[in-house]
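In the working numbering, the protein residues as written are 4 to 289. The beta carbon of each residue, even a glycine, is placed where N, CA and C say it ideally should be.
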Ligand SMILES: Cc1ncc(C[n+]2csc(CCOP(=O)(O)OP(=O)(O)O)c2C)c(N)n1
């Protein structure tokens, strides 16, 4: 990847992370850990790979995204605002009564949101159906399915994966956010997922594992998946829950964070200031 392109993606990642933090602090609470772990992924998708028209969210030729771990809505909203689906001011309405940005994504409310999610597991089946329909209609489109490692506790995921593998739905790029934690602890302590890459391979997926904070590696993995034409494909992202902000990475309970204590507020404000500085500096070079 050219240096300039990579810098643009890093700038987009910083902007998404910055807006997630601003939204959550403004709201006073929210799903921080699992939002931050997919920031770089969303940056690579919306900054490079995804086909979309932000001025026409329902464009028939668009690629689709299903964030099955729907509680990561804040990261999706921040991304959509940054690439022009709606104004950034709307971000500050997260979780408010009557908002178009509910805690969990709702396809009837938010421009750019293709699937309503929140009940873990369900997005996997929907993405499988979307991918099959795209194939049957001979459409050259992709659906990117983002799944949590804790979400893999849901049997529905494995049923959908069997389906995707059986029909060789290589237009459904399955991306698993392996941030090693879920709502109430480490995934290995709740229900051990064992080696996710090996499991996906056993289910018939061509699978690549990459660091989830490395835009270039993520992009390369997506390119590689697009070359595979005779099997299902998946990417396991090695991430950190709360990725990119050390204080929140180290906060044990970072699934949903409350900004009702000085330590959390200070850490968030410090991160916001750092990210703003990075964005300002980067803008000089892109
Ligand atoms: C069917 C269902 N069961 C339980 C929950 C409650 N829940 C919300 S998030 C979560 C943990 C998800 O963990 P993971 O998929 O790893 O998400 P991440 O760590 O990336 O935020 C749980 C159990 C839910 N939303 N849906």
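> What's the gap between the Cα of residue 252 and the Cα of residue 190?
Replying inline: 16 angstroms
> Terminal residues of the continuous beta strand (DSSP E) containing residue 155?
Replying inline: From DSSP, residue 155 is part of no beta strand (DSSP E); its letter is neither H nor E.
> Mapping DSSP to helix, strand and coil, what is residue 184?
Replying inline: strand
> Can you tell which of 185, 281, 254 has the C-alpha that lies nearest to the C-alpha of residue 123?
Replying inline: 185
> Where does residue 258 sit, in a helix, a strand or coil, going by DSSP?
Replying inline: coil
> What runs of the beta strand (DSSP E), each 3 residues or longer, lie entirely inside the stretch 19-101?
Replying inline: 32-34, 67-70
>> Can you tell me whether residue 216 is helix, strand or coil according to DSSP?
In response: coil
> Relative to ligand 3, is the shortest distance from any of its heavy atoms to the C-beta of residue 72 smaller than 7 angstroms?
Replying inline: For the structure depicted, ligand 3 is absent and the ligand set comprises only ligand 1.
>> Looking at residue 259: is its Cβ nearer than 8 angstroms to the Cβ of residue 29?
In response: no
> Under the criterion of a Cβ to heavy atom distance below 7 angstroms, does residue 297 qualify as lining ligand 1?
Replying inline: Shown here, the chain extends from 4 to 289; a query on residue 297 therefore has no answer.
> Between the C-alpha atoms of residue 179 and residue 72, what's the straight-line distance to the nearest angstrom?
Replying inline: 10 angstroms
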